[in-house]
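S.K.:
In the working numbering, the protein residues as written are 303 to 681.
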C-alpha cells in the first residue's frame with residue numbers, strides 16, 4: 303500500500319514539473335505599453351506683446367444719465383384718457399344687446415388754445431351708440447364723435463371740458479430704429495398704464511380687416527386690447543405715434559404698430575375742420591382681381607382693380623370708364639389690387655389729371671380723368 307502511494311506522489315511531482323516547463327514555453331515576451339505622445343503646444347511669439355498696454359482710465363467727468371422713463375410717463379400720462387363705448391351687437395339667435403368696449407385717447411390743443419378735442423382710433427368708436435371719456439383725475443365726460451376716417455383708423459372726439467392737460471406733438475420723421483418709446487393707454491380696460499420698448503421699424507404697411515394702414519411705426523412696447531388710440535411718446539414726452547394694432551399669433555411677440563403723428567396730423571385737422579377727410583376722388587367702387595374673381599367674371603386679366611360701382615357725375619364716368627373695366631395702370635403706377643389704386647389716388651392732388659390704363663373684355667385701353675375733391679359723407 304505504501305509503495306502504491308509513493309508511486310502516486312512521484313507521478314504528481316512529474317506532472318507539476320511538465321506543466322511548469324510547458325507554461326514557460328508558451329509565455330509571450332513582455333512588451334512595455336507605449337507612452338502617449340505629449341500634446342504639442344502652440345508656438346508663442348513676442349511679436350504682439352506690448353508692455354505699455356493698460357486699461358483705459360475712467361473719465362473724471364460724471365456720466366450723463368439717460369432720460370428717465372418715469373419722467374417721460376409723468377409728462378405724458380396726464381393727457382391720456384380712457385374711452386368707453388356702448389355698442390349694439392347680436393347673439394347667435396340675432397337677439398340685440400349692448401356691449402361695453404374699452405379704448406384710449408389723448409387730448410390735444412390748437413395753437414389758438416381750442417381744447418376739449420380727443421384723438422383716438424376709428425375702430426375704438428366705430429358703430430358706437432354712446433361714448434364716454436374718463437380723465438386721469440377721475441372726471442368722466444360724455445363725448446361726441448366729431449369725425450372718423452376708416453382708411454387711416456383715426457377719429458376725433460369732443461368733450462365739454464377746459465383746462466385739460468394736453469400732449470405736445472413731436473416729429474415722427476426724426477425717429478430712429480432702436481430709439482426708446484413708451485406706449486400709454488387703457489390696457490385691457492383696467493386703467494391707464496405705460497409700457498416701454500424701442501422703435502423696431504419705420505414706414506411699415508399692415509393690412510387690417512381688408513384695409514391697409516401705411517407709414518406705421520413698429521415697436522416692441524407692449525400694445526394690448528384697450529391701448530388702441532393711446533399715444534406712443536418719445537423720450538422728450540412728445541407724441542410721435544398713435545397706437546393702433548398689434549400682431550396676435552402663437553409665437554409672435556413684440557410687434558405692435560402705431561400711426562405716425564406726421565401722417566395723422568392732416569387727417570386730424572380735416573376731421574376737426576369739416577368732420578371728414580378731403581381727398582382726391584375718382585368715384586369708383588372696386589374689387590381686387592385675383593384668379594377666382596377673374597374666372598368668376600370671365601376676365602382676361604387676373605390682376606388689377608375691377609370697377610364694381612361707378613358714381614354718377616364722377617371723374618371716372620366722365621373719363622368713359624364703365625362697370626366691369628379692370629384698371630391695371632394709374633398715373634404710371636402698376637395696379638394689382640384695390641390697395642394699389644387707393645394709394646395711387648391719394649398720392650395725387652385734387653384737380654390733377656391722370657392717365658388710366660384699363661382692360662375691357664379682351665382690349666386694353668387708355669383714358670384720362672381729372673380728380674376732384676371727395677364729396678361729403680352726408681351728401
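For each residue, glycine too, the CB sits at the ideal point set by N, CA and C. Only a predicted model underlies this, so the values are computations on that prediction, with no experimental measurement involved.
#1: For residue 541, count neighbouring C-beta atoms within 10 Å of its own C-beta (all shown protein chains included) and say buried if the count is 16 or more, exposed if not.
#2: Alpha carbon to alpha carbon, how far is residue 647 from residue 653?
#3: Across the region 525–538 and the region 484–504, are there enough close Cβ pairs to call them in contact, namely three or more that are closer than 8 Å?
#4: Is the beta carbon of residue 562 closer than 7 Å to that of residue 517?
#5: Beta-carbon separation of residue 440 and residue 420 under 7 Å?
#6: Do the region 428–437 and the region 383–399 touch if we need at least three Cβ pairs shorter than 8 Å?
#7: Nearest chain D C-beta to residue 652 closer than 7 Å, yes or no?
#8: Residue 525: which of 571, 589, 496 sits nearest, CA to CA?
#9: Have a look at 399, 448, 405 and flag the residue whose alpha-carbon is nearest the alpha-carbon of residue 491.
#10: With C-beta atoms as the reference, is residue 631 less than 7 Å away from residue 659?
#11: Return the CA-CA distance between residue 656 and residue 627, expressed in angstroms with no decimal places.
#12: Which term fits residue 559, buried or exposed, when burial requires 16 or more other beta carbons within 10 angstroms of its beta carbon?
#13: Relative to the C-alpha of residue 379, which candidate in 431, 466, 391, 428 has its C-alpha closest?
#14: Alpha carbon to alpha carbon, what distance is there between residue 641 and residue 592?
#15: Out of 587, 425, 583, point me to the one whose CA is closest to residue 649's CA.
#16: Whose CA, out of 418, 414, 459, lies closest to the CA of residue 578?
#17: Which residue spans inside the region 460–537 form an unbroken alpha helix (DSSP H) run of at least 4?
#18: DSSP three-state call for residue 413: helix, strand or coil?
#19: Return the chain-ordered list of same chain residues with a C-beta closer than 7 Å to the C-beta of residue 581, the five sequence neighbours on each side being excluded.
#20: Any idea what DSSP makes of residue 369, helix, strand or coil?
#21: Check each candidate in 461, 424, 462, 469 and name the one with the smallest Cα separation from residue 449.
#22: In angstroms with no decimal places, state the Cα-to-Cα distance between residue 480 and residue 595.
#23: Confirm, please, whether the CB-CB distance from residue 374 to residue 431 is below 7 Å.
#24: Exposed or buried, what is residue 679 when buried is set at 16 or more other beta-carbons lying within 10 Å of its beta-carbon?
#25: On the three-state DSSP scale, how would you describe residue 640?
#26: With respect to 6 Å, is the separation between the Cβ of residue 611 and the closest non-hydrogen atom of the ligand FAD below this value?
#27: Kindly indicate which three-state DSSP category residue 427 falls into: helix, strand or coil?
#28: Assuming residue 548 is part of the beta strand (DSSP E), what are its boundary residues?
#29: With 16 other CB atoms within 10 Å as the buried threshold, where does residue 455 fall?
#30: Would you be able to state if there are at least three C-beta pairs under 8 Å between the region 495–510 and the region 564–573?
#31: Where does residue 602 land, buried or exposed, given buried means 16+ other C-beta within 10 angstroms?
#32: Can the beta-carbon of residue 625 be found closer than 7 Å to that of residue 612?
#33: Just to confirm, is the Cβ distance from residue 543 to residue 519 under 7 Å?
#34: Hey, how far is the Cα of residue 671 from the Cα of residue 515?
#35: Please tell me whether residue 589 and residue 608 are closer than 7 Å, where the distance is taken between their beta carbons.
#36: Which partner residues of residue 302 appear in the DSSP bridge assignment?
M.R.: Looking at the atomic coordinates:
#1: buried
#2: 12 Å
#3: yes
#4: yes
#5: no
#6: yes
#7: Although the question refers to chain D, the structure presented lacks it and comprises just one protein chain.
#8: 496
#9: 405
#10: yes
#11: 17 Å
#12: buried
#13: 466
#14: 13 Å
#15: 583
#16: 459
#17: none
#18: coil
#19: 648, 676
#20: coil
#21: 424
#22: 43 Å
#23: no
#24: exposed
#25: helix
#26: Ligands displayed in this structure: none; no statement on the ligand FAD is therefore possible.
#27: helix
#28: 541–548
#29: buried
#30: no
#31: exposed
#32: yes
#33: yes
#34: 26 Å
#35: yes
#36: It is not possible to answer for residue 302, since the shown part of the chain is limited to 303 through 681.
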